[in-house]
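Reading through the structure tokens given below for one structure.
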Amino acid sequence: MSNLYFLPTHEYARVEGNVAFIGISKFAAAQLGNVVYVDMPEEDDEVEAGVEFGAIESVKAASDLFSPVSGTVVEVNEALADNPRLVNEDPETNWIIKVEMSNPAELEKLLSPEAYEKVCEAEKH
Amino acid sequence: MKETCLHSRHVEMGALMSPFAGYDMPISYRGIEEEHNAVRGKVGVFDVSHMGEVLITGEQATEFVNHIFTGDVAPMVNGKVMYGMMLYDDGGVVDDLLVYKCDAHTFFLVINASNIDKDVEWIMAHTSGYNVTVNNLSEDYAQLAVQGPEAEATLKAVLGIDASALTFYTFTVPDFAAEKAPLVVSRTGYTGEDGFEIYATPAVILEYWDKLIAAGVEPCGLGCRDTLRFEAGLPLYGDELTDKITPLEAGLGMFAKVDKPEFIGRDVLVKQKAEGMRYKVVGLEIEGKAIARHGYPVLNEAGEQVGEITTGYHSITLDKNIAMALVNPQYAALDTKLQVQVRRKVFAAVVIKKRFYQPKYKN
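So the protein lines, in turn, are chains X and P.
Here the first sequence is numbered in the numbering used here, starting from 741 and rising by one per residue.
Here the second sequence is numbered in the numbering used here, starting from 369 and rising by one per residue.
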């Protein structure tokens with residue numbers, strides 16, 4: 741069983757214990773092109789599954805970021821403030837926020853890597 | 369959805385495609401930043417076949433164009449191009465356009481793709497009393513823009529077109545009486561760089577495109593067309609120009625010849641010059657990394673909304689966060705401190721000149 745879960749809107753949750761590292765998928769990073777700004781919440785902010793928590797900006801447009809899980813933001817990736825292109829270089833290592841989950845059962849509603857792959861395939865056509 | 373004659377080329381090259389003005393258009397090929405930098409530093413080619421072309425001919429063509437256009441075309445030399453607008457009676461902008469003067473009886477108008485139907489209908493509705501013929505040639509013409517410091521050399525080497533004699537805003541005058549869509553080459557553009565726009569039949573444009581691409585000229589999409597024109601402070605209809613604001617409010621008063629005796633919308637401009645404007649388009653530099661996009665609120669220092677963003681980017685050439693915004697005129701002076709709301713956060717901004725990048729035209 742993988743510890744990686746996805747939303748159809750291209751955010752992932754990488755789960756370690758009760759903490760989810762949230763970021764955007766490789767597919768989304770490639771589609772966006774060069775990331776110029778990541779609009780992040782602050783530590784201790786609450787996020788809710790399926791609800792927008794920030795935005796990611798390429799040259800052309802701003803895209804909302806949706807949280808795969810509910811909980812409390814325990815850390816934001818400050819490195820992205822100075823170097824947002826880290827998201828392009830390795831989106832699955834360079835997470836955006838770290839969330840202490842309040843309801844891990846929500847993970848069951850998310851897509852597996854295989855199911856998410858199919859979403860990406862469909863979007864290519 | 370409509371397609372230009374180069375649509376299959378864009379798809380084959382793997383361009384990111386998106387609907388624009390009813391056409392399925394290329395946004396980028398290699399990437400907006402790479403294409404933007406190619407135009408600033410070397411040369412790039414754009415498919416802008418979606419643009420509209422209208423030919424006005426007849427005994428009273430000069431009088432008619434002067435009636436519907438903010439510029440004065442009577443004293444223009446044949447072979448000159450002039451930028452300006454068509455206005456509604458209330459001073460709002462129907463469209464901004466280029467007027468090419470072939471001679472006193474023949475004018476070639478280039479209009480925005482998104483406005484072709486509206487413009488042609490509006491032009492036709494104002495012909496009564498004038499001995500003129502209006503021909504919409506938008507379906508007959510395709511168009512390329514070759515832009516960048518190496519544009520002149522590229523035209524010569526790749527297309528065999530010697531444009532060295534063309535100065536900025538002039539064109540090779542074709543014979544519209546002999547052909548329906550004759551070749552027109554002008555030293556014009558929408559990037560802030562030297563460059564040319566080439567109007568021709570789809571067959572000719574296809575041939576030129578293939579030659580330019582084979583010669584290694586960077587294919588450029590509408591994505592960098594917007595970032596380039598924005599840096600040069602050039603307006604886009606729908607952003608900085610709309611039917612709700614006048615050219616004076618858009619900061620384009622130099623293109624509205626109010627000392628000309630008559631044109632549609634003139635009275636409102638004269639009144640605004642005397643009594644003041646309702647809005648003003650300004651440039652903003654924004655602190656921080658957030659990008660102010662079209663429609664985001666502009667606030668004064670007290671936090672009250674005093675305008676909104678019309679276009680905003682992280683400038684590729686200048687590496688700054690800048691925007692154009694429509695604000696109440698009391699906040700339009702240079703160095704005025706304002707704020708921009710980007711989603712939940714508010715960022716400090718200051719009014720600067722909207723010509724962010726000094727264009728490098730060849731006169």
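Using N, Cα and C, we set each Cβ at its ideal position, and we do this for glycine too.
When the cut-off is 7 Å and only beta carbons count, does residue i lie next to chain P?
i                 : result
Val799 of chain X : yes
Gly773 of chain X : yes
Counting only Cβ pairs nearer than 8 Å, list the residues of chain X close to residue i.
i                 : result
Tyr397 of chain P : Going along chain X, no residue has its Cβ under 8 Å from Tyr397 of chain P, so there is no contact; the nearest lies around 12 Å.
Gly591 of chain P : Val799, Lys800
Lys657 of chain P : Val776, Tyr777, Ala821, Pro824
Flag this pair as yes or no: are the beta carbons of residue i and residue j separated by less than 7 Å?
i                 : j                 : result
Asn828 of chain X : Val775 of chain X : yes
Gly651 of chain P : Met622 of chain P : no
Glu608 of chain P : Met645 of chain P : no
Val467 of chain P : Phe437 of chain P : yes
Glu719 of chain X : Ser810 of chain X : In the structure as shown, chain X begins at 741 and stops at 865. Residue 719 of chain X is therefore absent and cannot be evaluated.
Asn446 of chain P : Asp487 of chain P : no
Pro394 of chain P : Gly589 of chain P : yes
Tyr725 of chain P : Ala600 of chain P : yes
Val638 of chain P : Val626 of chain P : yes
Gly680 of chain P : Ala660 of chain P : yes
Cys860 of chain X : Phe793 of chain X : no
Gly390 of chain P : Ser506 of chain P : no
Tyr509 of chain P : Ala481 of chain P : no
Leu702 of chain P : Tyr647 of chain P : no
Val541 of chain P : Ile424 of chain P : no
Ser554 of chain P : Val449 of chain P : yes
Glu655 of chain P : Ala716 of chain P : yes
Val413 of chain P : Val572 of chain P : no
Tyr567 of chain P : Val552 of chain P : yes
Ile836 of chain X : Gly763 of chain X : yes
Ile613 of chain P : Leu455 of chain P : no
Glu565 of chain P : Ala525 of chain P : no
Cys592 of chain P : Glu380 of chain P : no
Tyr605 of chain P : Asp457 of chain P : no
Could you give the residue range of the alpha helix (DSSP H) that holds residue i?
i                 : result
Tyr576 of chain P : 570-582
Cys860 of chain X : 853-864
Ala519 of chain P : 519-527
Gly591 of chain P : 590-599
State the start and end residues of the unbroken beta strand (DSSP E) segment that holds residue i.
i                 : result
His435 of chain P : Looking at the DSSP string, His435 of chain P is not in any beta strand (DSSP E); the run it does join, the alpha helix (DSSP H), is 429-436.
Ile484 of chain P : Looking at the DSSP string, Ile484 of chain P is not in any beta strand (DSSP E); the run it does join, the alpha helix (DSSP H), is 484-493.
Gln511 of chain P : 510-515
Val445 of chain P : Segment: none, Val445 of chain P is in no beta strand (DSSP E) and carries neither H nor E.
Ser810 of chain X : Unbroken run through Ser810 of chain X: none, as it is neither H nor E.
Lys363 of chain P : Chain P is shown only over 369 to 731; residue 363 of chain P falls outside these bounds and no answer can be derived.
Please list the partners that residue i has in chain X, where partner means a Cβ-to-Cβ separation under 9 Å.
i                 : result
Thr595 of chain P : Val799, Lys800
Arg661 of chain P : Glu797, Ala801, Ala802
Ile684 of chain P : Val799
Is there a C-beta anywhere in chain X that falls below 7 Å from the one on residue i?
i                 : result
Glu401 of chain P : yes
His375 of chain P : no
Check whether chain B comes within 7 Å of residue i, counting only Cβ atoms and requiring the distance to be less than that.
i                 : result
His378 of chain P : Note that chain B does not occur in the displayed structure, where the protein chains are X and P.
So with CB distances below 7 Å, who are the chain X contacts of residue i?
i                 : result
Arg711 of chain P : Asp779, Ala795
Tyr681 of chain P : Val799
Between residue i and the ligand MN, is the CB less than 6 Å from at least one heavy atom?
i                 : result
Thr685 of chain P : Here there are no bound small molecules, and the ligand MN is not part of this structure.
Contained alpha helix (DSSP H) runs [length at least 4] in the region 383-425 of chain P, N- to C-terminal order: 400-409
Beta strand (DSSP E) runs wholly inside the region 680-706 of chain P, at least 3 long, in chain order: 689-695
Taking only runs that begin and end inside the region 773-846 of chain X, name each unbroken beta strand (DSSP E) of 3 or more residues, in chain order. 775-779, 792-798, 802-806, 811-816, 837-841
In chain order, each alpha helix (DSSP H) run of at least 4 residues that lies wholly inside the region 618-687 of chain P: 634-643
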